[in-house]
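Step one of this worksheet: look at the structure below.
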Ligand SMILES: Cc1cc2nc3c(=O)[nH]c(=O)nc-3n(C[C@H](O)[C@H](O)[C@H](O)COP(=O)(O)OP(=O)(O)OC[C@H]3O[C@@H](n4cnc5c(N)ncnc54)[C@H](O)[C@@H]3O)c2cc1C
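Numbering (the UniProt record's numbering), first residue to last: 1 to 400.
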């Protein structure tokens with residue numbers, strides 16, 4: 001009997017990496033992307049050590065390392081008093097071959113993965129093809145599409161939804177997207193002003209009840225790079241006010257030099273959620289990446305956990321296509337859903353609460369605790385194993 005392809009809906013970084021992981025094992029894959037080309041918008045830009053290891057195993061490590069900036073050290077600061085804690089991922093060199101955060105825009109990973117897929121005749125990437133729904137039976141899935149030539153259908157052995165936070169596949173699975181949306185939107189802008197001049201490491205978080213912020217260096221037309229900075233905004237403000245020169249300058253001047261005008265290369269505003277789908281599988285249909293879970297960017301974990309999903313799921317789908325029981329796919333849900341809740345949701349929510357704490361007593365206690373953690377080699381190591389996502393990947397592999 002002819003084996004139908006695995007259809008992946010969504011050619012973001014998670015869909016492309018999932019396709020590559022299966023393509024390398026000889027699986028026939030059809031990847032649907034609703035846009036006409038790989039989306040180039042600026043979004044996530046941090047890769048943690050286990051993610052770089054996974055991408056390296058897929059042959060993507062070298063080009064990504066060439067295009068990114070290695071950030072071994074990062075800081076937590078208090079807006080008023082300066083550095084509270086500085087961590088060095090170098091202490092994890094005995095457990096990871098990549099003891100640093102790799103900063104690189106996600107669209108560069110997408111482009112590299114898309115280029116790698118060109119070597120596999122068993123993969124077809126169809127741009128301008130939107131998945132609109134599916135029906136399934138015991139043997140396969142019929143995927144409904146809207147294409148530039150009209151509506152169509154593809155028969156698939158499995159359908160994987162990597163179609164982002166508003167996932168059509170997740171909605172058609174009728175699973176809940178459990179969690180909440182933060183009231184404030186996040187302003188993200190970028191400046192070429194080199195924050196290292198002010199003692200900042202390539203990644204830093206500044207605690208403040210009103211104007212906390214997160215800072216990430218990104219590659220930009222050669223060294224020294226560009227600095228992406230994320231701030232919370234008042235829910236009452238309009239998007240126009242948030243994106244105005246005056247507001248953006250007031251945020252950056254607030255923690256740098258108030259008398260200086262900073263060049264702003266890019267700005268955007270977006271809404272942030274903490275949500276996890278109640279199930280990642282329904283029969284032969286699965287979800288991964290933002291389709292399955294979303295979180296705030298404090299800790300840089302969303303895209304990373306999506307790639308961890310994709311690599312995990314690809315391995316299990318290969319096994320099932322080679323004869324393993326379909327129930328193996330429930331292990332994918334157990335492993336990836338639980339670790340997203342226990343690690344990604346818990347850590348990113350805790351990071352946000354730490355930065356925005358208003359009660360001076362609680363704030364002092366939490367920052368003191370971090371100071372002590374950074375100063376104690378045993379505690380610092382445990383903290384780094386969690387924040388680098390090494391522990392979440394270890395934990396997932398233990399779940400049966
Ligand atoms: C504005 C914005 C800013 C962000 N900034 C940060 C940040 O600073 N730090 C951080 O860690 N994370 C950030 N994120 C989150 C991060 O970008 C995501 O975690 C990451 O993109 C997830 O990758 P993905 O492949 O799962 O989904 P996506 O990147 O969303 O990719 C989904 C793909 O599916 C396609 N698609 C959608 N529907 C369909 C359909 N029906 N059929 C076919 N194709 C479809 C889309 O065109 C898209 O290419 C941001 C997200 C947004 C929206």
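Every residue gets a Cβ at the ideal spot worked out from N, C-alpha and C, and that includes glycine.
- The alpha-carbon of residue 81 is positioned some 41 Å away from that of residue 288.
- Nearest C-alpha to residue 163 among 33, 66, 341 and 50: 33.
- Rounded to whole angstroms, residue 135 and residue 142 show a C-alpha spacing of 5 Å.
- Fewer than three pairs of CB atoms, one per stretch, sit closer than 8 Å, so the segment 274-281 makes no contact with the segment 185-195.
- Annotated as distal: residue 59 and residue 291, with beta-carbon spacing of 8 Å or more.
- From the listed residues 305, 265 and 313, the smallest Cα separation to residue 285 is found for 313.
- In the three-state DSSP reduction, residue 78 falls in the strand class (E or B).
- Taking 8 Å as the cut-off, the beta carbon of residue 157 is found closer than this to the beta carbon of residue 6.
- Note that the C-beta distance between residue 36 and residue 123 is not below 8 Å.
- Annotated as proximal: residue 17 and residue 307, with beta-carbon spacing under 8 Å.
- Taken through DSSP and simplified to helix, strand or coil, residue 368 comes out as helix.
- Counting C-beta atoms within 10 angstroms of its own C-beta, residue 62 has fewer than 16 neighbours from the protein chains shown and is therefore classed as exposed.
- In this structure, residue 117 sits away from residue 57, with a CB-CB distance that is not shorter than 8 Å.
- Taking the CA atoms as reference points, residue 93 sits about 40 Å from residue 260.
- Looking at 159, 139, 138 and 137, the one whose alpha-carbon comes closest to that of residue 145 is 159.
- Here residue 399 is exposed. Its C-beta has fewer than 16 other C-beta atoms within 10 Å.
- Secondary-structure assignment with DSSP links residue 152 through a beta bridge to 145.
- Runs of the beta strand (DSSP E) lying entirely within the segment 97-122, each at least 3 residues long, are 101-103 in chain order.
- Residue 395 and residue 347 have their C-alpha atoms roughly 15 Å apart.
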